[in-house]
Amino acid sequence: MNIDNTQSQMRKGILEFCILSAIKRGEAYPGDIVDELRSAGLQILEGTLYPLLTRLKNAEMLSYRWVESPSGPPRKYFSLTEKGQLFYKELDQTWKELSEAVNKATSPKPTNL
């Protein structure tokens, strides 16, 4: 077994939830999302983020607006739509249930004295 592949698959499974969490806190520019996730310890590249943002936008989970930038081209800022907020709530509940179950399944069993 290749541990790198397993770790990568585990990260991919939660990446969408983490991206939506970052956007839920307020309108977000992709570069800021990358910085926030990296500072949390998640390895993410902009080349990974943009396809996910596009997919979420196409699924009507996100909307965006263009903002002029004084130091370059206009920037796209993303926010959750109403549909995205509902989807986020469902993911959040799923994460809480899954996290609790994994913690129970992986914690040491008490020994009988």
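To convert a position in the sequence shown, counted from 1, into this note's numbering, add 64.
Cβ coordinates follow ideal geometry from the N, Cα and C atoms, glycine included.
Have a look at residue i and residue j and give me their C-alpha separation to the nearest angstrom.
i	j	result
residue 110	residue 88	19 Å
residue 130	residue 137	10 Å
residue 92	residue 159	22 Å
residue 170	residue 144	34 Å
residue 149	residue 168	29 Å
residue 134	residue 94	17 Å
residue 85	residue 155	10 Å
Using the three-state DSSP reduction, which class does residue i fall into: helix, strand or coil?
i	result
residue 123	coil
Can you say whether residue i is buried or exposed, counting buried as having 16 or more other CB atoms within 10 angstroms of its CB?
i	result
residue 162	exposed
residue 166	exposed
residue 123	exposed
residue 97	buried
Look up residue i in the DSSP assignment and give the residues it is bridged to.
i	result
residue 160	For residue 160, which the question treats as bridged, DSSP gives no partner whatsoever.
residue 136	133
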